[in-house]
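First up is the structure itself, then whatever we jot down about it.
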Amino acid sequence: MIDQYQNERQVEYVFDEATYQLWISNVEEPLRSASILARNSGITRVEMLNLEKDCVVIRKEPDEDGNWGDLIIKRGLKRRARKRVLKINEESKSVLENLLTKSKCRHVFSQPRHPDQKLQPWVLESEMGRLREKLARDKIKLDPGALDFTLCATRF
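Start counting the sequence shown at 110; every next residue gets the next number (the numbering used here).
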């Protein structure tokens, strides 16, 4: 379930586990990490791109609900949206720890070849294009809606 902003167009996402695993096994970084975070927390693309290290709180042990921490979303929000807190599950924790280790700037998502620079939106979009081409070359068919869903809440 993805929480949406007030007055936001409602969209139903259907993405079965097999399709998701196929996607994750074929996609490269940073789109892989972005896909995992979006699926597990509902973070949007703009929120991801603006996510700074000071907004990631990872605990040493999970809480009673199995959450390993919080993503405090306060940058990249739509106008009139309030700060929100997203939970970090075990899969997201692993992804975030990897991203935080690689990033040499204040942002969680940094450029793959320039970790001292913030990730730009075109990097994710061009990676999606490369993946579409790879899937077509390998004759792997995904539901057309699945490709649009891949970053579920990212709204490409």
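Glycine included, each C-beta is placed from N, C-alpha and C at the ideal position. Everything numeric in this text was worked out from a predicted model, so none of it was measured.
The alpha helix (DSSP H) with Arg246 in it runs from where to where? Reading the sequence shown from its first residue, position 137 is the one you call residue 246. Annotation for Arg246: the continuous alpha helix (DSSP H) segment containing it runs 230-246.
Run through DSSP, which three-state label would Arg148 get? Residue numbering aside, residue 148 sits at position 39 when the sequence shown is read from its first letter. Arg148 falls in the helix class under three-state DSSP.
First through last residue of the beta strand (DSSP E) which encompasses Asp195: Counting from one through the sequence shown, the residue named residue 195 turns up at place 86. The question names Asp, but residue 195 is Leu in the sequence shown. Membership of Leu195 in the beta strand (DSSP E) is indicated by the continuous run 193-197.
Ser144 classed as buried or exposed, judged by whether at least 16 other C-beta atoms fall within 10 angstroms: As a working note, residue 144 is residue 35 in the sequence shown. With 16 or more other Cβ atoms within 10 Å, it is buried.
Inspect the CB distances between the segment 197-207 and the segment 221-239 and report whether three or more fall short of 8 Å. No: fewer than three Cβ pairs fall under 8 Å.
Since Glu161 sits in a beta bridge, which residues does DSSP pair it with? Here the question's residue 161 lines up with position 52 in the sequence shown. Per DSSP, His216.
Taking all protein chains shown into account, decide if Val166 is buried (16 or more other Cβ within 10 angstroms of its Cβ) or exposed. Within the sequence shown, the letter at position 57 stands for residue 166. The residue in question, Val166, is exposed, as its Cβ has fewer than 16 Cβ neighbours within 10 Å.
Three-state secondary structure (DSSP) of Leu186: Here residue 186 refers to the residue found at position 77 when the sequence shown is read from its first residue. In the three-state scheme derived from DSSP, where H, G and I count as helix and E and B as strand, Leu186 is classed as coil.
Looking only at its own chain, which residues have a Cβ that is under 8 Å from the Cβ of Leu160, when we skip the five neighbours before and after it? Locating residue 160 in the sequence shown gives position 51, counting from the first residue. Take Leu160, set aside five residues on each side of it, and the residues of its chain with a beta-carbon closer than 8 Å to its own are Ile152, Leu180, Ile182, Arg184, Gly185, His216, Val217, Phe218, in chain order.
Compare the Cα-Cα distances from Pro139 to each of Leu244, Leu131, Met237 and report the closest residue. For the purposes of this step, residue 139 is taken as residue 30 along the sequence shown, with counting starting at 1. The shortest Cα separation from Pro139 among Leu244, Leu131, Met237 belongs to Met237.
What would DSSP say about Val136, mapped onto helix, strand or coil? As a working mapping, residue 136 is identified with position 27 in the sequence shown. Val136 falls in the coil class under three-state DSSP.
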